[in-house]
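Novice:
In the numbering used here, the protein residues as written are 134 to 337.
1. When the Cα atoms are used, what is the spatial distance from residue 165 to residue 154?
2. Do residue 328 and residue 317 count as a contact pair if the criterion is CB distance below 9 Å?
3. Could you spell out the range, first to last residue, of the alpha helix (DSSP H) harbouring residue 275?
4. Expressed to the nearest angstrom, what Euclidean distance is found between the alpha-carbon atoms of residue 297 and residue 178?
5. For residue 236 and residue 211, what's the separation of their Cα atoms in angstroms?
6. Which residue marks the beginning of the alpha helix (DSSP H) containing residue 222, and which one marks its end?
7. Enumerate, from N- to C-terminal direction, the unbroken beta strand (DSSP E) stretches of 3 or more residues contained entirely within the segment 283 to 336.
8. Which residues in the same chain have their Cβ closer than 6 Å to the Cβ of residue 193, if we skip the five residues on either side of it in sequence?
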């Protein structure tokens with residue numbers, strides 16, 4: 134069990150959802166990585182052989198500073214053409230072509246964030262909006278592009294000429310720009326399509 138109050142857990146989950154680039158430490162080495170939070174709450178990332186063989190892996194988001202999130206993770210390799218092929222496709226939608234040819238599912242065992250130690254199950258929670266993900270992204274990218282562009286500039290101070298929403302979860306939107314994916318935080322918790330559209334309107 135976690136030794137942390139529920140509101141702080143929510144803050145930690147929101148932080149995790151909003152940081153998709155970091156450093157993976159393994160066997161005394163470290164390497165920049167980009168992740169995607171899968172619909173079931175686990176993480177997907179391209180992986181080197183050395184990462185997969187390591188018994189001690191720590192993911193630091195966004196870096197190794199004390200103010201960052203430090204996640205103890207267990208990596209499990211999966212085949213791109215196997216039953217988990219959709220995970221690799223999901224990562225590519227976010228980040229493009231991967232730097233490594235192997236793939237891994239990262240299960241969060243535990244985390245340290247904001248002075249607390251957090252159980253991995255508290256962070257690796259499923260996305261309740263997952264069943265609506267495809268239709269929501271399509272709707273936002275075909276009918277609400279200007280609103281997304283305005284919200285990114287106003288609230289994230291990021292100008293994106295052609296923003297593409299690639300993910301939605303209870304804490305906000307993942308928006309792909311020309312070179313990277315940016316986080317647009319929601320002012321309210323999102324639980325439905327109506328919530329998503331109402332929160333976006335509030336950000337204008």
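Where a beta carbon is used, it is the ideal one built from N, C-alpha and C, also for glycine.
Specialist: The short version:
1. Near 7 Å, if we compare the C-alpha coordinates of residue 154 and residue 165.
2. The answer is no: Cβ separation not under 9 Å.
3. Run containing residue 275: 266 to 276, per the alpha helix (DSSP H) assignment.
4. So the alpha carbons of these two residues sit roughly 21 Å apart.
5. C-alpha of residue 236 to C-alpha of residue 211: approximately 6 Å in a straight line.
6. Here the alpha helix (DSSP H) through residue 222 covers 218 to 228.
7. Here the runs fully enclosed are 297 to 302, 305 to 309 and 314 to 318.
8. Counting only Cβ-Cβ distances below 6 Å, and skipping sequence neighbours, we find 155, 156, 201 and 203.
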